[in-house]
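2 protein chains.
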Amino acid sequence: MFRLASEKFDGWILSARLKLNLFLENNRMTDDTTGTKKSIRADALRNEDALLEAAKEIFATSGVDAPVREIAARAGVGVGTLYRRFPKRSDLVVGVYKREVDACVSAATEFAQQYGPGDALSHWLKRYCQFILTKKGLAAALYSGDPAFDALPGYFRSNFEPTLQSLLKSAAKAGEIRGDIDAYDLLRAIGNLASTGGSEGAEHTHRMLELMIDGLRFGAKGR
Amino acid sequence: MFRLASEKFDGWILSARLKLNLFLENNRMTDDTTGTKKSIRADALRNEDALLEAAKEIFATSGVDAPVREIAARAGVGVGTLYRRFPKRSDLVVGVYKREVDACVSAATEFAQQYGPGDALSHWLKRYCQFILTKKGLAAALYSGDPAFDALPGYFRSNFEPTLQSLLKSAAKAGEIRGDIDAYDLLRAIGNLASTGGSEGAEHTHRMLELMIDGLRFGAKGR
DNA sequence: TTGCTAAACGGAACATTGTTCCATATCTGC
DNA sequence: GCAGATATGGAACAATGTTCCGTTTAGCAA
Chain A
78 MFRLASEKFD
88 GWILSARLKL
98 NLFLENNRMT
108 DDTTGTKKSI
118 RADALRNEDA
128 LLEAAKEIFA
138 TSGVDAPVRE
148 IAARAGVGVG
158 TLYRRFPKRS
168 DLVVGVYKRE
178 VDACVSAATE
188 FAQQYGPGDA
198 LSHWLKRYCQ
208 FILTKKGLAA
218 ALYSGDPAFD
228 ALPGYFRSNF
238 EPTLQSLLKS
248 AAKAGEIRGD
258 IDAYDLLRAI
268 GNLASTGGSE
278 GAEHTHRMLE
288 LMIDGLRFGA
298 KGR
Chain B
78 MFRLASEKFD
88 GWILSARLKL
98 NLFLENNRMT
108 DDTTGTKKSI
118 RADALRNEDA
128 LLEAAKEIFA
138 TSGVDAPVRE
148 IAARAGVGVG
158 TLYRRFPKRS
168 DLVVGVYKRE
178 VDACVSAATE
188 FAQQYGPGDA
198 LSHWLKRYCQ
208 FILTKKGLAA
218 ALYSGDPAFD
228 ALPGYFRSNF
238 EPTLQSLLKS
248 AAKAGEIRGD
258 IDAYDLLRAI
268 GNLASTGGSE
278 GAEHTHRMLE
288 LMIDGLRFGA
298 KGR
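Going line by line, the protein sequences match chains A and B. The opening position of the first sequence corresponds to residue 78 in the working numbering, with each subsequent residue numbered one higher. The opening position of the second sequence corresponds to residue 78 in the working numbering, with each subsequent residue numbered one higher.
Here you go:
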């Protein structure tokens with residue numbers, strides 16, 4: 078009841094991440110008893126992709142409890158197809174979030190190539206903030222007690238922390254921001270910022286984020 | 078996402094408590110346009126009580142998402158009756174939790190009369206712990222984003238903190254425990270203890286609680 | 001006690017959503 | 001192009017939420 082969210086977030090264990098990765102990777106292949114690998118059909122792969130995309134959009138607007146039919150319909154497939162690939166709702170949820178985490182993480186690389194260290198950091202923080210803002214019902218899922226979600230907080234941290242760490246380091250080395258900021262602290266802070274308030278709070282959140290970014294710049298070596 | 082539960086817990090505002098109390102008190106009476114008060118029918122009152130009792134038991138075993146029919150059946154009433162009195166599920170949840178908080182708080186008075194200050198404290202902490210342990214799904218409800226639950230954390234704190242404060246003070250004055258313990262800290266600590274682990278964790282939680290109680294006693298002035 | 005009336009009741013009926021199953025359609029390797 | 005394996009869609013069933021209304025009952029006055 079009074080448990081801290083950070084407990085879940087902190088409770089990362091290596092095995093959890095490995096399990097998650099293995100589960101998701103194995104989804105691409107099916108190995109029969111002989112040990113050989115057969116690639117799954119192309120249409121099946123397309124549908125899986127469409128489902129994840131549809132679920133992402135619907136989760137963002139209606140939360141993770143949105144009707145299964147709605148997701149299947151938006152993906153343009155039948156409910157049977159959805160159930161074959163994602164037997165439990167949690168499978169879909171995990172799939173969607175992993176996908177979005179990956180997208181957010183890879184955006185960091187793009188930004189790093191496209192902008193200077195300071196701007197890359199700034200852009201990525203906004204991108205990360207966007208990610209959090211669309212996570213309606215994620216907190217509730219994390220607290221649902223369903224063990225299926227146990228691996229998620231660890232997956233988030235183990236992906237986001239190194240990413241931000243790297244951006245911070247580059248920006249600090251370039252003298253664009255101060256160098257005494259901990260990546261995990263910052264991730265948590267933004268998470269806290271973004272999870273208060275509803276839809277009208279999005280703007281407020283972005284203003285506060287700007288403020289934080291300015292705060293990072295203020296203590297830079299360069300000035 | 079990374080928001081602390083303590084935020085909700087800390088977010089107590091007087092008005093929230095007042096609103097909740099008014100809502101619950103008004104439930105007993107209906108005043109018509111003339112300003113006079115009419116008491117509600119006795120059977121209606123009985124049924125409301127039966128519903129809250131049934132819901133309490135079922136929430137504890139099946140969580141707050143248990144089927145409405147099941148609750149109505151255990152209370153021995155039709156679903157229509159349930160819906161008339163508690164139009165939304167959150168109304169039931171709030172009603173049940175308020176009731177249990179009240180019961181837990183009034184147990185403190187009993188213990189204080191029945192035992193010496195130190196034992197009264199010890200008994201009450203175990204009672205409180207029991208309360209937390211039966212709160213399956215409460216955390217999830219708190220994080221569901223439903224504003225109907227906004228008042229709950231405040232209600233908890235504004236009732237439990239003074240209660241424990243008083244018990245601590247008495248026990249400290251009697252020299253049975255140390256005097257530097259903050260009630261809120263202790264409530265949170267027990268909450269954290271009790272919310273990790275499932276059913277098999279209940280025993281573990283109680284052992285850890287005993288340890289804490291011994292810790293309170295260790296620094297007593299008297300020894 | 002009896003009769004009247006408003007309040008309350010119960011549960012059938014309807015609505016929504018989750019889940020299963022299989023006849024049909026599609027893909028892949030040859 | 002063919003055959004077999006694979007995947008599909010959506011009807012059908014199940015579980016649950018919600019509404020509605022004919023019936024019952026408590027409270028009250030005579």
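Where is the CB? At the ideal position from N, CA and C, for every residue including glycine.
Neighbourhood of B/R204 by C-beta distance below 7 Å, restricted to the same chain and skipping five residues each side: Stepping through the second sequence from its first residue, residue 204 of chain B is reached at position 127. For B/R204, where only same-chain residues beyond five positions count, the Cβ hits under 7 Å are C181 and A184.
Decide yes or no for the touch test of the stretch 280-291 of chain A against the stretch 221-238 of chain A: beta carbon pairs closer than 8 Å, at least 3 of them. no
With a cut-off of 7 Å, does the C-beta of A/A45 fall near any C-beta of chain B? The question about residue 45 of chain A has no answer, for chain A in this structure spans 78 to 300.
Helix, strand or coil: which one does DSSP assign to A/S116? Residue numbering aside, residue 116 of chain A sits at position 39 when the first sequence is read from its first letter. Three-state result, A/S116: strand.
From B/L129 to B/L169, what distance separates their C-alpha atoms? Position 52 of the second sequence, counted from the first residue, corresponds to residue 129 of chain B. Position 92 of the second sequence, counted from the first residue, corresponds to residue 169 of chain B. One C-alpha to the other measures close to 7 Å.
Take A/V178 as the anchor and find which of A/P144, A/C206 and A/A271 has the nearest alpha-carbon. Within the first sequence, residue 178 of chain A is the residue found at index 101, counting from 1. Answer by Cα proximity: A/C206.
Buried or exposed for A/K175, please, with buried defined as at least 16 other CB atoms from any protein chain shown within 10 angstroms of its CB. Here residue 175 of chain A is taken as the residue at index 98 of the first sequence, counted from 1. By the neighbour-count rule (16 or more Cβ atoms within 10 Å), A/K175 is buried.
Could you give the first and the last residue of the continuous alpha helix (DSSP H) run that contains A/F237? Here residue 237 of chain A is taken as the residue at index 160 of the first sequence, counted from 1. A/F237 -> alpha helix (DSSP H) spans A228 to K250.
Reduced DSSP secondary structure (H/G/I, E/B, other) of B/D142: Residue mapping note: residue 142 of chain B aligns to position 65 of the second sequence, counting from 1. DSSP, read as helix, strand or coil, puts B/D142 in coil.
Is B/F163 helix, strand or coil by DSSP? Here residue 163 of chain B refers to the residue found at position 86 of the second sequence. It is coil, neither helix nor strand.
Scan the stretch 208-225 of chain A for residues whose Cβ lies nearer than 8 Å to a Cβ of chain B and list them as they occur along the chain. I209, K212, K213, G214, L215, A216, A217, L219, Y220, S221 and G222
Among the candidates B/A132, B/A260, B/I254 and B/K213, whose CA atom is the shortest distance from the CA of B/A279? Here residue 279 of chain B corresponds to residue number 202 of the second sequence, with the count starting at 1. B/A279 has its Cα closest to that of B/K213, out of B/A132, B/A260, B/I254 and B/K213.
Suppose you measure from the CA of A/L215 to the CA of B/A251; what does that come to, to the nearest Å? Residue numbering aside, residue 215 of chain A sits at position 138 when the first sequence is read from its first letter. Residue numbering aside, residue 251 of chain B sits at position 174 when the second sequence is read from its first letter. Going by the C-alpha atoms only, they are around 48 Å apart.
Throw me the rounded Cβ distance for the B/I267 and B/L202 pair, which I believe falls under 8 Å. Translated into the one-based positions of the second sequence, residue 267 of chain B becomes position 190. Translated into the one-based positions of the second sequence, residue 202 of chain B becomes position 125. Confirmed, about 7 Å.
In the stretch 255-291 of chain B, which residue ranges form an unbroken alpha helix (DSSP H) of at least 4 residues, counting only runs that do not cross its ends? 260-272
What's the gap between the Cα of A/K246 and the Cα of A/T282? Here residue 246 of chain A refers to the residue found at position 169 when the first sequence is read from its first residue. Here residue 282 of chain A refers to the residue found at position 205 when the first sequence is read from its first residue. Roughly 25 Å separates the two Cα atoms.
Among residues of its own chain, excluding the 5 on either side of A/L264, which ones have a beta-carbon nearer than 8 Å to its beta-carbon? Working through the first sequence from its first residue, we reach residue 264 of chain A at position 187. Counting only Cβ-Cβ distances below 8 Å, and skipping sequence neighbours, we find Y205, R234, F237, E238 and L241.
Enumerate in chain order the residues of its own chain whose CB-to-CB distance from A/R284 is below 8 Å, with the five nearest sequence positions on each side excluded. By one-based count along the first sequence, residue 284 of chain A stands at place 207. Apart from the 5 residues on each side of it in sequence, A/R284 has no Cβ closer than 8 Å to any other Cβ in its chain.
Should B/L122 be labelled buried (16 or more other beta-carbon atoms within 10 Å of its own) or exposed? Residue 122 of chain B sits at position 45 when you count from the first residue of the second sequence. The residue is exposed, with fewer than 16 neighbouring Cβ atoms inside 10 Å.
Terminal residues of the continuous alpha helix (DSSP H) containing A/D196? For the purposes of this step, residue 196 of chain A is taken as residue 119 along the first sequence, with counting starting at 1. A/D196 -> alpha helix (DSSP H) spans P194 to L210.
Can you tell me whether A/F208 sits near the ligand SAM, meaning its C-beta is under 6 Å from at least one heavy atom of the ligand? Among the components modelled here there is no ligand, and therefore nothing to report on the ligand SAM.
CB of A/I254 within 7 Å of CB of A/A297, strictly: Sequence index remark: in the first sequence, residue 254 of chain A carries index 177 (1-based). Sequence index remark: in the first sequence, residue 297 of chain A carries index 220 (1-based). Going by C-beta atoms, A/I254 is nearer than 7 Å to A/A297.
At what residues does the alpha helix (DSSP H) containing A/A225 begin and finish? Taking the first residue of the first sequence as 1, we reach residue 225 of chain A at position 148. Note, A/A225: premise wrong, no alpha helix (DSSP H); not H, not E.
What is the residue span of the alpha helix (DSSP H) that A/A218 lies within? Taking the first sequence and counting its residues from 1, one reaches residue 218 of chain A at position 141. For A/A218, the enclosing alpha helix (DSSP H) starts and ends at L215 to L219.
Secondary structure of A/R94, DSSP reduced to three states: Working through the first sequence from its first residue, we reach residue 94 of chain A at position 17. With a pLDDT of 30 at A/R94, under the threshold of 50, the modelled position of this residue cannot be trusted; read the value that follows with caution. Helix at A/R94.
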